[in-house]
Structure formats: structure tokens, C-alpha cells
Amino acid sequence: MMMQPACKKQFCTVFFTVIFMTFAMSSITQEIPFIPPVYNYTTDLYNAGDQNWAIAQGRNGIIYFGNNNGLLSYDGVNWEMHHLPNNLSVKSIYIDSNNNYERIYVGSFEEFGYFESNETNQLIYHSLRRNIKDHQFHNDEIWNIYPFGGKLYFQTFATIFVYDGAEIRIQKPYPAVLYFFPVGEKMFAQLIGGGFSLFDGENFHPVFTRDRLNNDNAIAMLPYGEDWLLVTSKNGLYRFSEKENTLTPWHISGSSELLQSSINRAIVSGDTYIFGTLNSGIFAIDKDGKQLWHIHRDNGLNNNTVLALFRDRDQTVWAALDNGLSNIRTHSPLSFFEPADSQIGPVEDILFHDNRLYLATNQGIFSFSDTDGKLTPVPGLDIQSWFIKSFGNQIFVGHNLGTSLLKDMHEIPVQEAHTGGLDMKQATINGRDILLESTYTSLLVYVRDNSGNWTFSHPVEGFSDLIKNLEIDYAGNIWAGHMYKGVYRLKLDSGFKKVIEMENYLSFDSTQVSTYRPIKVMKLRGRIVFADGDRFFTYDDIEHKIIPFGLLNNDLPGFADTHRIIPLNDTLFWFIRHKEYLLVEYRDSKYVIKDRIPYSILNNPPNAGRANLLVTNGNNSFFCMNGGIGKYSLSEGQPEAERELQTASITFHNRNNDQLFYLDPSRKGILAYQSNNIVFRFRYPEFSKKIFQVESYLQGYDNRWSNTDGTRSAAYYNLPAGDYILYARIKDSSGKVLSTINYSFRIKNPWYKTWWAYLIYSLIIGSLVAFLIKRHIRKVVRKKQKLFEEQENRRLAQIERQEKEIATLQNEKLEAELIHKGKELASAAMMLINHSEFLKNLRENVQSLILAGKINRTEGNEFLTMIGKNLPEEDEWSLFQNNFDLIHENFFRNLKKRYPALTPTDLKLCSLLRLNYSSKEIAEMLNISIRGVEAARYRLRKKLNLSETDNLVEFMIKFQ
Numbered sequence: 012m013m014m015q016p017a018c019k020k021q022f023c024t025v026f027f028t029v030i031f032m033t034f035a036m037s038s039i040t041q042e043i044p045f046i047p048p049v050y051n052y053t054t055d056l057y058n059a060g061d062q063n064w065a066i067a068q069g070r071n072g073i074i075y076f077g078n079n080n081g082l083l084s085y086d087g088v089n090w091e092m093h094h095l096p097n098n099l100s101v102k103s104i105y106i107d108s109n110n111n112y113e114r115i116y117v118g119s120f121e122e123f124g125y126f127e128s129n130e131t132n133q134l135i136y137h138s139l140r141r142n143i144k145d146h147q148f149h150n151d152e153i154w155n156i157y158p159f160g161g162k163l164y165f166q167t168f169a170t171i172f173v174y175d176g177a178e179i180r181i182q183k184p185y186p187a188v189l190y191f192f193p194v195g196e197k198m199f200a201q202l203i204g205g206g207f208s209l210f211d212g213e214n215f216h217p218v219f220t221r222d223r224l225n226n227d228n229a230i231a232m233l234p235y236g237e238d239w240l241l242v243t244s245k246n247g248l249y250r251f252s253e254k255e256n257t258l259t260p261w262h263i264s265g266s267s268e269l270l271q272s273s274i275n276r277a278i279v280s281g282d283t284y285i286f287g288t289l290n291s292g293i294f295a296i297d298k299d300g301k302q303l304w305h306i307h308r309d310n311g312l313n314n315n316t317v318l319a320l321f322r323d324r325d326q327t328v329w330a331a332l333d334n335g336l337s338n339i340r341t342h343s344p345l346s347f348f349e350p351a352d353s354q355i356g357p358v359e360d361i362l363f364h365d366n367r368l369y370l371a372t373n374q375g376i377f378s379f380s381d382t383d384g385k386l387t388p389v390p391g392l393d394i395q396s397w398f399i400k401s402f403g404n405q406i407f408v409g410h411n412l413g414t415s416l417l418k419d420m421h422e423i424p425v426q427e428a429h430t431g432g433l434d435m436k437q438a439t440i441n442g443r444d445i446l447l448e449s450t451y452t453s454l455l456v457y458v459r460d461n462s463g464n465w466t467f468s469h470p471v472e473g474f475s476d477l478i479k480n481l482e483i484d485y486a487g488n489i490w491a492g493h494m495y496k497g498v499y500r501l502k503l504d505s506g507f508k509k510v511i512e513m514e515n516y517l518s519f520d521s522t523q524v525s526t527y528r529p530i531k532v533m534k535l536r537g538r539i540v541f542a543d544g545d546r547f548f549t550y551d552d553i554e555h556k557i558i559p560f561g562l563l564n565n566d567l568p569g570f571a572d573t574h575r576i577i578p579l580n581d582t583l584f585w586f587i588r589h590k591e592y593l594l595v596e597y598r599d600s601k602y603v604i605k606d607r608i609p610y611s612i613l614n615n616p617p618n619a620g621r622a623n624l625l626v627t628n629g630n631n632s633f634f635c636m637n638g639g640i641g642k643y644s645l646s647e648g649q650p651e652a653e654r655e656l657q658t659a660s661i662t663f664h665n666r667n668n669d670q671l672f673y674l675d676p677s678r679k680g681i682l683a684y685q686s687n688n689i690v691f692r693f694r695y696p697e698f699s700k701k702i703f704q705v706e707s708y709l710q711g712y713d714n715r716w717s718n719t720d721g722t723r724s725a726a727y728y729n730l731p732a733g734d735y736i737l738y739a740r741i742k743d744s745s746g747k748v749l750s751t752i753n754y755s756f757r758i759k760n761p762w763y764k765t766w767w768a769y770l771i772y773s774l775i776i777g778s779l780v781a782f783l784i785k786r787h788i789r790k791v792v793r794k795k796q797k798l799f800e801e802q803e804n805r806r807l808a809q810i811e812r813q814e815k816e817i818a819t820l821q822n823e824k825l826e827a828e829l830i831h832k833g834k835e836l837a838s839a840a841m842m843l844i845n846h847s848e849f850l851k852n853l854r855e856n857v858q859s860l861i862l863a864g865k866i867n868r869t870e871g872n873e874f875l876t877m878i879g880k881n882l883p884e885e886d887e888w889s890l891f892q893n894n895f896d897l898i899h900e901n902f903f904r905n906l907k908k909r910y911p912a913l914t915p916t917d918l919k920l921c922s923l924l925r926l927n928y929s930s931k932e933i934a935e936m937l938n939i940s941i942r943g944v945e946a947a948r949y950r951l952r953k954k955l956n957l958s959e960t961d962n963l964v965e966f967m968i969k970f971q
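Residues in the sequence shown are numbered from 12 upward in steps of one, following the working numbering.
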């Protein structure tokens, strides 16, 4: 069937429009100054010195850095410092690897040597300085190490130390060497203050004089086709043809800043030349001399002074800086445009139109044109903007105040759309094309006018709510996602005037009772998809109900926090989650994860829940970020170098001596029982910041795979004795196992479970049985003997008991007699004492009467003489005390010694209480009232410090 002329014309117009748009978008993306991802490492991360001088990579993938504190290593997760004698800095590194060994040669201040791994994977330093004889070091610092002719050349700015593997020979050229350039089987050299020469291992042969390089130094010699590219410090680049012996300036375009900078290091990566400067960061130039990117302190580099550059086996570039380290992922599919001179805020939407880039941000609309190379704000649209979309030749902007058209960099407000515009979709409903816009309050409809342009038509009646985004299915259902409260299904009448059907889904799970539950509305391969944070759902247009989306839930479990799905092509789709951009591929009727871009690897990630992206063609995707945009190009990725999971170290802790020991990972480990605390540390040298997880499984102990910790270590404590096999594996973000390793070891039985321990146990048990038998025989003999002895003892005990009873009765009788005699003594003594006191009182009364003249003095004296004859010559009380002490074992003496405050009256009362006299008897004996006795007893208790519960009589009886 032949195409009609009108159709041909329309087809050609559309075809060339598409071609032009594709070319235009491709053109502008080439001009936008995107830079590759840069990962900076500061001293806070690697815990070493600020300055780094050299970089190299071992055959196991580990990156080594010459640091001010020593040799620094990095495996993508763990940093480790390896010290030189006296903690000297490392200024140069060269790694010599072969099948048998790997040596890491290092140079320092008046010191050089090599590190070599021992059988436990620990780096041990071996100094070569001791091999030097008859040389006086004088501030010699090894700045470079070069291999040439089977020898190593350790170069300072005055001396060259040549090491052939056994001996060291010293060369002192004049002028001295600034740089060596080993190329193939030749070695060129730049001499200090001299020209460019060829070195044969002994002598220098001039190639061209210094004036050919404008009196500058060549700091690098890089391949350029069949020729070489000589890089000078301050006078640009030169093409050097060894065959023709010509030196031609190489002019580069668009990089005047590089020519004005002081170049310090240069390397080549594929067809890209990379230059590190002392003051302007890092430049990348392609083989045609065009600048690809420039990374400096203002757009990603941690420091502008580059001391070393290195390309690793993944073709990425490492930079040793004056302050820190940087890794530039030059072959990453990701690149970034983050203008430092424009504070644009979080980017909400991206648009490429008419050879311009437009960004909708919370600061307004910004535009980038390749003509001026600057990002500038669009006049009149300096308000928070939610989307910017093009439909045909028209650009619509939804912002906080409504909706506007953008034409020739000027804003044209849509007067009828006066509330914030959130989303706009083009759809065919009831056979007609319309634009449908959601706003803060209502839905708006746009239709084409006679010229084919979109114009505002009317708001939709019968519906008003805060709708964040819209999707329209093939049946004309409008799915409107509320900002917070579920999702609506709307159906419009034939004129799109009003809503004739409306359903509001607050939740898809009958068990959930939630009034405010955000549900995300998306479209995947023409099908409406919902995500509520737990599961994916879809609309069954046959049953007219929402059902779980089984395929997505099975293939992508745990990814129902997705809030946008944007197709890259027919089989690749971007799932935008709260913390990552997820690239999903649909193949073989399954959805599989192809790549993950976690926000953590972005310098300025987007706000969670508001990330967005734009796909311009089949290869490029542009991410919204905070303060810029990112680009993802499928064609720019390249296969990474193969790598394997490795055992970095196996350590065990001996509890007896509290020391840490290392095991050889290549041999089965045999551990004593006291060393049953074992730690495995793994490494997987990979530096792209992708998500990897190392898991371990200890056969004989674990019942499932377990994730290792953040340092990729697995620790097992107090393991029982037995044989074990440790399996470890590393998985990527999609769960694919990339590499596995295993290690077998045995923990020996404790000493009390060994064969000789069991032999000892047998001997002990045998001895114990013999002992028990012998003991039993003795026991029988002793039992009979004991029975006889018990009978004899009972007889003797009975005799002894009878004797004791007799003695007890005698003692009781004697004690009773003693008490009785003591009472008689006390009674007699009291009577004598009372008699004496009576006579003394009588004498005093007679004397007082004589003095008063009431009695005749002569008669009174006779009475006094009679009284004096009846008074005893000795003190009755002292006599009583002495006799009482003899009977009662120094009662008064001990009582007076312990309680010196007791008076003679108190002592009398104490003696009577000891003899157990009652208060009445004591009153008669002391010639006082019973109340006086009680008062005396109260005073005595106080002096003796007795409590109310203590018995005074019992205290006196028991007092010793």
C-alpha cells in the first residue's frame, strides 16, 4: 500500500523532528560539564597522615598509598597502616609481583626496603639500607622507584640506588635525575636543570636540550599513537616522535586553565589523558585535545594539590592529595553536574528542550545553554516549582502559585490555573487527546486549539482534593494519588466536564484501618501499579478491583516503597525508592535488578520521597539531586576486573596468656581448646561503593548463613571442641553470589578429654575401687570393734555418769551450804554494821547534847566511854568485803574494778542481790524502806548500764 502525499509529508516532519530533538538533546548533554563520581577519603576515615605521596595496587586488588605515617592499604572497606622503622613516611611505591611472591618496595627518608606477606597474610617490612656499604646518607629521600633491565632504581634528587635482588650499587649522576620514564625496553630521564636524555643503565645520552621544552621540565611521558606525549610542568604538552626525533607542541582546545596551571603528575587511561596539578585539581583531555572534565575543590575534589595519580585495574583514577585521597570513577555510568556558582536547591524535575536544559527546583526554574555554558534563573519563575514538561513545542511549569507556560525564556501565566500545579499528563480518553493537570485543589483539563497548541479548557466538576500525581489507564480511568490519603479512581463524562464515577481506596488490605496511608500510583508496561509500602498491587479491569501484583511481589520483595516507575526502554525501568534509584530489567517474564544507585554514593542526594528522573533516549537517564543533576549512561559502563573474595586474616585469642595469634589461611588450623575464640576477616577489593554483603556459615555450629559486620568480619566465641569448616560468600545487591571461599579447622579437646586424661581417670577409678573394697573390709572389722568399744564405753559412761551425779549432788549441797553460810555471814555482818552505825549515831547525839548543855558533861563522858568500849576496833564493812570475796571469788574487787563509780552503799546492795535477798529483806537488813530499796536498785541499774529488760539479780549472781 502506497503512502499518501500528505502522510509522507507528516511522516517526514515527525521523523526529522525526532532526529533533531535526539541530536539536540545529545548535543547539549555533551556540552554540560558533567564530571565522573568522586569519592573523597579524609584522615577521619583512614586515620593516618594528611599528605599522600604515591599509589600502587597489589595483585590481590588492594590499593596501597604512600602516607606521611607509613604504608597505607585499603580494600574497599578496611584501612590498615603498615609502619616503617621510626614511623617514617612513604614517598614512593613499586610492587613487584610474580607467581611465587609479591614485594611492595617503598622509599622513605634515608630508608628503603620492601614489605612481604608472611604465611598468615601479615605484611612484614625488610630494610635494604643495611645492604649499603661505604655510603654516607645526607638527607637522601627516595622519591621514585623504577624497574629497568631486571633491576630496581631507587631515585633521590642526588643519588640512585640500583638493586639487583642481592646487592645495591650506588650511582651519583651529574646533573642528577628529576624523573625517570621507563617505556618498553628503554628508559628516558629528565635531568635536574638539564635536558631530556636516554638512560642505558649506566650513562645518560642526550635526546634534546632543555630549551626545546621552553626551559621547563618534562614530568611525564605518555603514549600517543606511535609517538609519545611529553608533559611539562608549566609550558604545555609536546608530541615527541622517537623515530623522527621531533618535538611538536600539542595544542588542546577549551582548557586554557590547564595550561595556566602547574602540572605535577599525568597518566593515561584508554584514550583519556589525565593531569594532576599543584593548584587547580585534575583535568581530563581526550586524544583530540578536547577537555572532558575538570575536577577541583569547588566541584568535588577534596584538595587542589595532586601529589600522585594512579589508574587501577578497573580503569578508575586514584589521586593522592596534599590533604586526603580521592577516587575518580572515570568509567562509571554515572556522572554529575553540580554548579558551585548557583544555589539552585533540590531539583524536582528536568527537561531538555530546544537545545536547553531546564531544571525545576524549590528556588524556581533554571536554564543551561551550551552557548554561554552557565546555569541561569528564568525571569519571573523564581518560585518553588514542582514540574516542567514539554508537550509539542510548549513548555508547562507547575509551581507553588499555579501553572505557567515558558516561551522564549519568558513566563506566561495560565490565568485560570491559580493554585499550585503538581502533575500533568497527556492522555487519550473517549477517543480524544487532552492534558490533565492535578493541583492543590482540583483537576484541570487542557485541549488543543485550531493551531494545535494546548490551551486551558475548564476545571473538572465534582472533585476537589490534594493530588500529587496522575496516571490514566487504557480504559479511561484516572488514578489520582493523594498526597497522604490513599488513591482515587475517577471516571469523567464524555465532555470531561465532571466526575461520574469515584472510588477512594484508603487501604488495599482489609486488616489495615488507616485513614492516612499514602499509596503511590505508577504505570509499568502499560499497566497501573500501586505501592503501599508493603506490597505492590494492580487493577484487575475484568473484575474491576485492585488485587496484589504477584509477579512484582515475588520478583522484587521488599521494594514496595517505590514511589515512581519510569521506563528507560521496553525492557529497562527505573524504580525510584526512598533511598535509591533501582534499575530493573524485564526478561524471561521476570523482573530482575540490573543496577542500584543508593543515595549514599551521591554527594548531594535528593530528598527522600521526592526524587525524580528524566530519560532522554535509550541510553541516558538524568537524576534529580539536591543542587544538581546526575547522568546515567548505559553505553559508558565497562566490565569490571574479575575479583575474588579473600581471607584477609584469621586470628584467635588465647585466654591463658591473653595474646592474639594469626593462622595460615592456606592450611588447616589446629587450635588448642583455650584458643576457641576465632575471628575471620574477609576482603573483596572493590571501590565503586556498590552494595555487597559478605555472609558466613560455620559448618558444625551455624544453622544458617549470617551477615558479617561492617568490617566484613565474622567472630565465633567459645566454640566446642570438634572439626569445623567456615564457608564465606559475597553477594551483590541483587542477591547474586559472586565468590566463595572456605577454611577448615579443628579445635582440640580440652586436656580433661584427651586419651591420657581418660587413662588417668581409669587409674583413679581402679585405685578408688580397690580403696573402697579395702575400706569396706576395714569398715566391717571396725564395726565389730566399734560395737565392742561402744558396749565398753556405755559401761564406762554409766559409771562416769553416776560419779558425775554424785559430784553434782555434792556440789549442789556445798553450793547450797555456801549460799546459806553467805547469807548468815551477810546477816551477821549487816547486824554488826547496823550496830556499829547505831553506836556511832548514838555517840554523835550524846556529844551534841553535851555541847547543848542538856546533859551533864561528866555523865555524858561516861556514856561516851561506854559507847566507845562497844564499838569494834576493825571496820566491819571491810572485813565483810574480804570474807565475801573469799567466798565469791573476788566479787567486790572485780565489781569495783569494772564499775569504779559504785559507792559502798551500792556495793552492799550488790552483795545482798547476789545472795538473792528480796527487797523486803534488804530493807530490813539495811534499815531502810522498801521504796528506798527500789530507788537504790534503780540508781544501781543506771550505774551498771543495764536496760529495762535485763534482770539485776541474775546479773549479780552471774557476775564473775
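Yeah, the Cβ is synthetic: ideal placement off N, Cα and C, and Gly gets one too.
Span separating the alpha-carbon of residue i from that of residue j
i	j	result
Gln68	Thr243	26 Å
Ile511	Ala652	60 Å
Asp9	Tyr235	Any answer about residue 9 is impossible in this case: the structure gives the chain only from 12 up to 971.
Arg459	Pro578	27 Å
Pro568	Ile587	15 Å
Lys975	Phe379	In the structure displayed, the chain extends from 12 to 971; residue 975 sits before or after that span and is not available.
Gly620	Met533	14 Å
Trp762	Asn668	17 Å
Met32	Leu416	Unreliable placement is indicated for Met32, whose pLDDT of 42 sits below 50; no coordinate value is reported for it.
Tyr738	Gln710	8 Å
Lys601	Trp585	15 Å
Ile736	Lys679	10 Å
Leu820	Arg812	12 Å
Thr549	Gly391	41 Å
Buried or exposed by the 16-neighbour rule on C-beta atoms within 10 Å, applied to residue i
i	result
Arg868	exposed
His364	buried
Ile933	buried
Cross-strand partners of residue i (DSSP beta bridge)
i	result
Arg942	Looking at the DSSP assignment, Arg942 forms no beta bridge with any residue, so it has no partner.
Thr450	Gly432
Cys921	Its beta-bridge partners do not exist; DSSP assigns none.
Lys701	Answer is none; Lys701 lacks a bridge partner.
Asp297	Thr283
Val626	Ser632
Met232	Leu241
Gly409	Phe398, Thr414
Close-in-space but distant-in-sequence residues of the same chain around residue i (CB under 6 Å, 5 per side omitted)
i	result
Gln971	none
Phe348	Ile43, Phe45, Gly639, Ile640
Arg694	Asp86, Gln657, Ala659
Ser37	In this prediction, Ser37 has a pLDDT of 46, which is less than 50 and means its spatial position is unreliable; what the coordinates show is noted afterwards. So the list is empty, once near-sequence residues are dropped.
His94	Gly81
Lys605	Leu594, Glu596
Cutoff 7 Å; reference residue i; Cβ partners in own chain excluding five residues on either side
i	result
Ser272	Thr288, Asn290, Ser291
Pro424	Gly413, Ser415
Gly473	Lys509, Val510
Among the options, nearest to residue i - alpha-carbon criterion
i	options	result
Pro344	Phe799, Arg789, Lys298, Asn630	Asn630
Arg692	Asn275, Glu803, Thr662, Gln326	Thr662
Tyr6	Glu697, Tyr738, Lys764, Phe703	Because the chain here runs from 12 to 971, residue 6 falls outside it and cannot be looked at.
Tyr754	Pro48, Tyr949, Tyr708	Tyr708
Met92	Phe966, Phe168, Ile135, Asn71	Ile135
Glu122	Pro676, Asn129, His146	His146
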